[in-house]
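Asker: One structure, as structure tokens, below. Some questions next.
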Amino acid sequence: EKGTYILAWSTTPWNKIVTPALAVNPELMYIKVEQDGEKYILAKPTIKVLGEKNSYKIIEEFQGSTLVGKKYIPHYDYYKSKITKDEKAFVVIPGDFVTADEGTGVVTIAVYGEEDLKAMQENNIHIEMHVDEEGTIKPDVPLFGGMYYLKANKAVNEDLAKRNLIYKDEEQLHNVPLCWRCHTRLYYAPQNAWYVNVQKLKDKLKATNENVNWVPAHFKYGRYLKSLENAPDWCISRSRYWGSPIPVWECEEGHRTVPGSIKELEELSNQKITDLHKPGIDEVIVKCKECGKDAKRTPEVLDSWIEAGSAPYAERHFPFEKGLDVNKFFPPDFITEYTGQIRAWFFILHIIGTALFATEAFKNVLVTGVIQGTDGRKMSKNYHNYPDPKELLQKYGGDALRLYLMGSPVINGEDIIISEEQYRNQVRGLLLIYWNVYNFFITNANIDNWSPSTDNRQLTTVNVLDRWILSRLAVNVTQMSYAYENFLPMDVVVHMQEFMNDLSLWYIRRTRDRVGPAAKDQSDKESAHQTMYKVLTTFTQVLSPLIPFITEEIYTNLTDEISVHLTNFPKPNNGAVDENLEKQMMLAQEIVSTAHAIRKEKNLKVRQPLASLTYGGEKLDEEIEKIIADEVNVKAVQFKKGAKVTLDEKITPQLKAEGEARDIIRQIQQARKEANCKLDEKIEVQLPQWPKEYEEKIKAETLTAKLTKGDSLEVKRKSGN
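Residues 341 to 1061 (this note's numbering) are what the sequence shown spells out, left to right.
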């Protein structure tokens, strides 16, 4: 209706110079009001922009759909001669993206916005661009030609105000796009580009995705499938100088020639091709196959993701390498990247692989999360929100970093905040325990001048501890093999921790007296050495993919072989698995844990022997009961159906004397350590007093050659050592 204004709201006056359409939401209620002698149209929920309620009168109410198709008089129409008969302009169009949350419920439409452009294309609106790539308004634009687009804001507002076409002009905060590198303000602009028709490929992409093993599995039908289903066509061109040129030549008739090789391009152009890059490639002219006219190359270059997505074939010079069998290397067995690549590299590989070979582009994919800075933000040099990686590697080593990452949720597709403390704990925890077990073995083996027997791999042993740890080793090899083969690094670390605890906190703890210099049973000592050697060499092979540096050091020193990484991964020794023994040992550990808790509660030192321990539940073998007795320091272990774990707390004079002897042994051992005595070095000891009935035991267990009375404890190295 002539004389009625549509109130449209905008934060970009510079693109009001070209506004070939206005958008309204067909589902919203709109009103026509009269105010100060003028008539305005706007969305009813936005009426507050008009000011006080008594300053206007509502004349009419109607659905937004009523406005769709209505014509309006534009602010600027300098480009109306460019509008073809097949195009629309200066018309109201529908847009479900229009809301009443801000503004007036009427949106000015120009090509400089993603939603705007889509709406224009759907409604066949004339596309007019008035700003060049440098942000300067084109010279043929009246009034504003040659202005920088942001400076035009003021000029446009002044011109509109002069013509009484601005209802209100005020400053408001709003988000604007910035360059992520240099923070220069940006604006969106459309351009013609080359696309891959992803919609045509979607059914094939879904079918080939069925063959892929996604880790974690939820990505397969979750985030990846959803992004695939909603994916737009893939823009594969860039308007840049550097990059691989798009190999498409077009003649003036619009015919396209796509040479499939350098040789074919040379035949079409009748010239030698030595450089495929700009500017040389742009000077190559080919003869159009359809009309015979000259054809020039399209100016764009390829999106670099084309190259990243073509890596499996490009690195092998496919399809030009003679005798190359694609099936031997494609699809690759395994790839990995972080979650951001679900919409990027993973998707691009999938598109190209499916389009070329109608097959999946990878068999297994491990998706990691994002390692965030110490403040929870993305790691950034500007924020200084992460520890120096070089310093951490030099301080704690690469194995600690691998353990930290492989054992964290980031390897399972979840985000984590980087933690130097957790990184450091890998050294203090697993790596140090592993090294201490290894050090315990080689120290005692060297004292005994021990070397492994040639048939060590067919090791058989009588000692229950040896049989138990070999059974645990066999189970661990099976567990870790499964975790490796199924791309479950967190499980690898968990199984490593479980076995390391069994090895260090139980097996080595109960084996110390079997291999020390004071050990008397040579046959049992040999069995312990052989078992520890078997366990260490095999476990080191299993750990080598996880912690490659420390395993290399340990394995080559143990075996004199070239490298642990050149050995075959060990196969599980199922014959060594003894499920009943493992069950009994687990029950024994629970009994021991309960007994130690009772000792702590009753203030009974572990070094003080007690007469007996009673337990119920399941009857254990005698050799298991012997281990319990040694660990809890009791003279006898008794089974009684239905009984709880109890200790005989009565301390006889003899038990008290034995406890004193054990305390003395511990004090002497500590003094030996402080005196830097070797493990097999004999000493002379001075003590104020000691239980005479345990004198020989004290001397034997501390390698004391001579024991004399004195005012205080003193340890001397025996002359001649």
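Just so it is clear, CB atoms sit at the ideal spot from N, CA and C, and this is done for glycine as well.
Whose C-beta lies closer than 7 Å to the C-beta of N537 among residues of the same chain, with five residues either side of it excluded?
Answerer: Within the sequence shown, the letter at position 197 stands for residue 537. For N537, the CB contacts under 7 Å within the same chain, skipping 5 residues up- and downstream, are D573 in chain order.
Asker: Could you tell me how far apart the beta carbons of S884 and H905 are, in whole angstroms, since I believe they sit closer than 8 Å?
Answerer: In the sequence shown, residue 884 corresponds to position 544, counting from 1. In the sequence shown, residue 905 corresponds to position 565, counting from 1. About 6 Å separates the two Cβ atoms, so the contact holds.
Asker: Is the segment 985 to 1005 touching the segment 951 to 961 in the sense that three or more CB pairs, one from each, lie closer than 8 Å?
Answerer: yes
Asker: Relative to the alpha-carbon of L995, which residue among E962, L960, R947 and L876 has its alpha-carbon at the smallest distance?
Answerer: Taking the sequence shown and counting its residues from 1, one reaches residue 995 at position 655. When only C-alpha atoms are compared, the closest one is R947.
Asker: Below 8 Å between beta carbons: does that hold for L743 and V833?
Answerer: As a working note, residue 743 is residue 403 in the sequence shown. As a working note, residue 833 is residue 493 in the sequence shown. Result yes, Cβ atoms of L743 and V833 sit closer than 8 Å.
Asker: Closer than 6 Å by C-beta to K945: which residues in its own chain qualify, once you throw out the five before and the five after it? Chain order, please.
Answerer: To locate residue 945, count along the sequence shown from 1; it is residue 605. Result list for K945: empty, nothing under 6 Å.
Asker: Can you tell me whether DSSP reads P792 as helix, strand or coil?
Answerer: As a position in the sequence shown, residue 792 is number 452, starting the count at 1. If DSSP states are grouped into helix, strand and coil, P792 belongs with coil.
Asker: Would you report the Cα separation of E825 and P912, rounded to the nearest angstrom?
Answerer: Here residue 825 is taken as the residue at index 485 of the sequence shown, counted from 1. Here residue 912 is taken as the residue at index 572 of the sequence shown, counted from 1. Rounded to the nearest angstrom, the two C-alpha atoms are 14 Å apart.
Asker: In whole angstroms, give me the CA-to-CA distance for H595 and G435.
Answerer: Numbered from 1 along the sequence shown, position 255 holds the residue referred to as residue 595. Numbered from 1 along the sequence shown, position 95 holds the residue referred to as residue 435. C-alpha separation (whole angstroms): 37 Å.
Asker: For E760, which residues of its own chain have a beta-carbon under 6 Å away from its beta-carbon, when the five flanking residues on both sides are left out?
Answerer: Counting from 1 along the sequence shown, the entry for residue 760 is found at position 420. Cβ within range, chain order: P727.
Asker: Where does the unbroken beta strand (DSSP E) through N553 begin, and where does it stop?
Answerer: Position 213 of the sequence shown holds residue 553. Residues N553 to V555.
Asker: Looking only at its chain, what residues have a beta carbon closer than 7 Å to the beta carbon of Y778, apart from the 5 residues adjacent to it on each side?
Answerer: On the sequence shown, position 438 is the one that residue 778 refers to. So the qualifying residues of the chain are L876 and I894.
Asker: Buried or exposed: where does A654 fall if 16 or more other Cβ atoms within 10 Å of its Cβ makes it buried?
Answerer: Within the sequence shown, residue 654 is the residue found at index 314, counting from 1. With fewer than 16 other Cβ atoms within 10 Å, it is exposed.
Asker: Figure out for me which residue from T548, I711, K618 and M830 has the closest Cα to the Cα of I757.
Answerer: As a first step, residue 757 is located in the sequence shown; it is residue number 417 there, counting from the start. Closest option to I757, Cα to Cα, is I711.
Asker: Excluding the 5 residues preceding and the 5 following A997 in the sequence, name in chain order all residues of the same chain whose CB lies nearer than 8 Å to its CB.
Answerer: Translated into positions along the sequence shown, residue 997 becomes position 657. Excluding residues within five positions, the ones whose Cβ falls inside 8 Å are P1031, E1033 and Y1034.
Asker: On a Cα-Cα basis, can you pick out the residue from L518, P360 and V624 that is closest to I467?
Answerer: Indexing the sequence shown from 1 puts residue 467 at position 127. Answer by Cα proximity: P360.
Asker: Grouping DSSP H, G and I as helix and E and B as strand, with all else coil, what is Y678?
Answerer: Your numbering for residue 678 matches position 338 in the sequence shown. Reduced to three states, the DSSP call for Y678 is strand.
Asker: Do you know how far the Cα of E677 is from the Cα of I964?
Answerer: Start at 1 with the first residue of the sequence shown, and residue 964 comes out as number 624. Start at 1 with the first residue of the sequence shown, and residue 677 comes out as number 337. Whole-angstrom Cα-Cα distance: 48 Å.
Asker: In this structure, how does DSSP classify Y488 when only helix, strand and coil are distinguished?
Answerer: Translated into the one-based positions of the sequence shown, residue 488 becomes position 148. DSSP places Y488 in strand when its eight states are reduced to three.
Asker: Quick one: what's got a C-beta closer than 7 Å to I346's C-beta in the same chain, skipping five residues either side?
Answerer: The sequence position of residue 346 within the sequence shown is 6, counting from 1. Cβ neighbours of I346 beyond the five flanking positions: L362, I381, Y412 and V446.
Asker: Quick check: the segment 580 to 598 against the segment 642 to 653, are at least 3 beta-carbon pairs closer than 8 Å?
Answerer: yes
Asker: Do you know offhand how far P652's Cα is from N704's?
Answerer: The residue given as residue 652 occupies position 312 in the sequence shown. The residue given as residue 704 occupies position 364 in the sequence shown. Near 14 Å, if we compare the C-alpha coordinates of N704 and P652.
Asker: Following the continuous beta strand (DSSP E) through K1049, name the residue where it begins and the one where it ends.
Answerer: Along the sequence shown, one-based indexing puts residue 1049 at 709. Taken as a continuous stretch (DSSP letters only), the beta strand (DSSP E) holding K1049 covers T1044 to K1049.
Asker: Secondary structure at R797, three-state DSSP: helix, strand or coil?
Answerer: Residue 797 sits at position 457 when you count from the first residue of the sequence shown. The predicted position of R797 is uncertain, since its pLDDT is 49 and thus under 50; no value can be drawn from it.
Asker: By a C-beta neighbour count over all protein chains shown, 10 Å radius and 16 as the cutoff for buried, is R521 buried or exposed?
Answerer: Reading the sequence shown from its first residue, position 181 is the one you call residue 521. The residue is exposed, with fewer than 16 neighbouring Cβ atoms inside 10 Å.
Asker: If you reduce the DSSP assignment to three classes, tell me which class L944 lands in.
Answerer: Indexing the sequence shown from 1 puts residue 944 at position 604. Coil at L944, not helix or strand.
Asker: Which residues in the same chain as A459 place their Cβ atom closer than 7 Å to its Cβ, once the five residues preceding and following it in sequence are excluded?
Answerer: Locating residue 459 in the sequence shown gives position 119, counting from the first residue. Around A459: A363, I433, G435 and I449.
Asker: Going by alpha carbons, who is nearest to K959 out of G693, R939, M925 and K990?
Answerer: Indexing the sequence shown from 1 puts residue 959 at position 619. If we check each option's Cα against that of K959, M925 comes out closest.
Asker: Helix or strand or just coil, what does DSSP make of L1027?
Answerer: Taking the sequence shown and counting its residues from 1, one reaches residue 1027 at position 687. Of the three classes helix, strand and coil, the one that applies to L1027 here is strand, per DSSP.
Asker: Relative to the C-alpha of T880, which residue among E866, T899 and S863 is closest?
Answerer: By one-based count along the sequence shown, residue 880 stands at place 540. Closest option to T880, judged by alpha-carbon separation, among E866, T899 and S863: T899.
Asker: Less than 8 Å separating the beta-carbons of L805 and I967?
Answerer: The residue labelled residue 805 in the question sits at position 465 within the sequence shown. The residue labelled residue 967 in the question sits at position 627 within the sequence shown. Yes.
Asker: Go ahead and label N973 buried or exposed: buried means 16 or more other beta carbons lie within 10 angstroms of its beta carbon, across all protein chains shown.
Answerer: The residue you call residue 973 lines up with position 633 of the sequence shown. Buried: at least 16 other Cβ atoms inside 10 Å.
Asker: Specify whether the segment 551 to 561 and the segment 612 to 620 touch according to this definition: at least 3 beta carbon pairs, one from each stretch, less than 8 Å apart.
Answerer: Result no; under three Cβ-Cβ pairs closer than 8 Å.
Asker: In three-state DSSP terms, what is W354?
Answerer: Taking the sequence shown and counting its residues from 1, the one referred to as residue 354 is at position 14. The answer is helix: DSSP assigns W354 an H, G or I state.
Asker: Quick one: residues in its chain with C-beta nearer than 8 Å to the C-beta of F669, no 5 flanking neighbours on either side, listed in chain order?
Answerer: Sequence index remark: in the sequence shown, residue 669 carries index 329 (1-based). Answer for F669: P652 and R656, listed in chain order.
Asker: DSSP on N648, reduced to helix/strand/coil?
Answerer: Mapped onto the sequence shown, residue 648 falls at position 308. According to the sequence provided, residue 648 is Ala. The question's Asn does not apply to it. It is helical.
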